[in-house]
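Protein sequence lines, in the order shown, are assigned to chains B and U. Numbering that gives the first Met the number 0 puts the first residue of the first sequence at 0, with every later residue one more than the last. Numbering that gives the first Met the number 0 puts the first residue of the second sequence at 0, with every later residue one more than the last. The structure under discussion appears below in the form of structure tokens.
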Amino acid sequence: MPTTTNYGWTTPADTDLVKDGASAIRTLGTAIDTTTKNLNPETTLGDIAYRSSTANVKTRLGLGTAGQVLTVNSGATAPEWATPSSGGMTLLSTTTLSGASTTISSISGSYKSLIAYIYNVNQGSDGDFMIDPNNSTNLTDSITNYGENGTSYALARSGNRIRTPGNVSSGNTSNAWTLILDNYASSTSFKPFNFYGYYEYTPNSIKACMHAGGNFRSTTAISSLVFKPSTGSFSGGTVLLYGVN
Amino acid sequence: MTKPIIRIHNIENDEIIDREMTAAEFKIYEANQAAQAEAQAEAEAKEAARQAILDRLGLTADEAKLLLG
């Protein structure tokens, strides 16, 4: 029996008898019907079809839900509808600074970055404000630019900790900083950071603006942050810790 | 002797503990305090020396910066 080139439908041969024509047409029609259905498995408005592992047989993919996007499944074998992952900030904790140090521990490693908003910090004694990831000291490389608000000068200071470049005046409550730690959950690479803000500097209550950037020189994932004044204890202050994706 | 109080906020269960430093923590704390005091004294001595030079030359800090810039 001859067959068609593309789909292999059986057709009558030139020498077949006329009395077998109905049967031949029926066979051909059934084959066309089957193939057509295999190539068009959609049943519902919005369905789409994609090639299956079998030639000339497509698989139906039903319409997704509102907001979903077409993506490839985890096995990289087929398309699927999925809700796009949304970026954004998740508030992980609100912590009041107290004591000679305040540790935020058990930080989830499920985010790409950490952002800490640190405000209304009140130190009981004049001293630096410091943040030690994983309570590790001397594992940070940084350079800090700072100067007094409203003046033209700016100074730079290098350091081995995340800290203010000078003493924060005791009793002042307008001190505020932001810390951004990127790639903090990595166990294979160092973690860059940004630490910037404002504080009242001890000599003459200078209003100091500062911006420090650097690197936490450790491949250990950061799971805690220790906030501490270089001397004395905190009299107040709040840390809002966010996970960012 | 009473040791300084520290706070630990476990954000997994939102548990906050305020407690005295342990002996080991206190030892590190004291070492840090000593280092801080030393650094502070060093910075103050440097600043005093710088100011003394400026006074001797009769220059302000901004004028000195202009000269060196």
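Don't be surprised by glycine CBs; every beta carbon is placed ideally from N, CA and C. Note that this is a predicted model, so its numbers are computed, not measured.
With a threshold of 16 other CB atoms inside 10 Å of the CB of residue i, please say whether the residue is buried or exposed.
| i | result |
| --- | --- |
| U:Q50 | exposed |
| B:S73 | exposed |
| B:M88 | exposed |
| B:M209 | buried |
| B:A115 | buried |
| B:Q122 | buried |
| B:E199 | buried |
| U:T1 | exposed |
| U:R6 | buried |
| B:M0 | exposed |
I need the boundaries of the beta strand (DSSP E) containing residue i, first residue and last residue.
| i | result |
| --- | --- |
| U:Y28 | Careful: U:Y28 lies outside any beta strand (DSSP E), inside the alpha helix (DSSP H) at 22–56. |
| B:A48 | 47–50 |
| B:L211 | For the record, residue 211 of chain B in the displayed sequence is Ala; it is not Leu. 205–215 is the span of the beta strand (DSSP E), which, as asked, contains B:A211. |
| B:N144 | 139–147 |
| B:A81 | 78–81 |
| B:F128 | 128–132 |
Along chain B, which residues have their Cβ under 7 Å away from the Cβ of residue i?
| i | result |
| --- | --- |
| U:E37 | Ordered by position in chain B, no residue passes the 7 Å Cβ test against U:E37, which lies about 12 Å from the chain. |
| U:D17 | S97, G98 |
Chain U partners of residue i, CB-CB under 7 Å?
| i | result |
| --- | --- |
| B:S105 | N9, I10, E11 |
| B:T254 | Outside the shown range of chain B, which is 0 to 244, sits residue 254 of chain B, and nothing can be said about it. |
For residue i, which residues does DSSP report across the bridge?
| i | result |
| --- | --- |
| B:Q122 | B:F233 |
| B:L178 | B:A115, B:F194 |
| U:R6 | B:T101, U:D17 |
| B:V71 | B:P78 |
List the residues of chain U that residue i touches, going by C-beta distances under 8 Å, in chain order.
| i | result |
| --- | --- |
| B:L91 | I10 |
| B:G126 | Q35 |
Interface residues of chain B around residue i at Cβ under 8 Å?
| i | result |
| --- | --- |
| U:I4 | S97, G98, A99, S232 |
Can you give me the start and stop residues for the alpha helix (DSSP H) that residue i sits inside?
| i | result |
| --- | --- |
| B:T33 | 20–38 |
| U:E62 | 60–67 |
Give the single residue among the options whose Cα lies nearest to the Cα of residue i.
| i | options | result |
| --- | --- | --- |
| B:S166 | B:S185, B:I142, B:S124 | Correcting the residue type first, residue 166 of chain B is Asn in the shown sequence and not Ser. Answer by Cα proximity: B:S124. |
| B:L96 | B:P83, B:I130, B:G7, B:V71 | B:I130 |
| B:D181 | B:S222, B:P164, B:E147, B:G61 | B:S222 |
| B:N244 | B:K36, B:A65, B:S107 | B:S107 |
Quick one: which chain U residues come within Cβ less than 9 Å of residue i?
| i | result |
| --- | --- |
| B:T187 | Residues of chain U passing the Cβ test: none, with the nearest at roughly 24 Å. |
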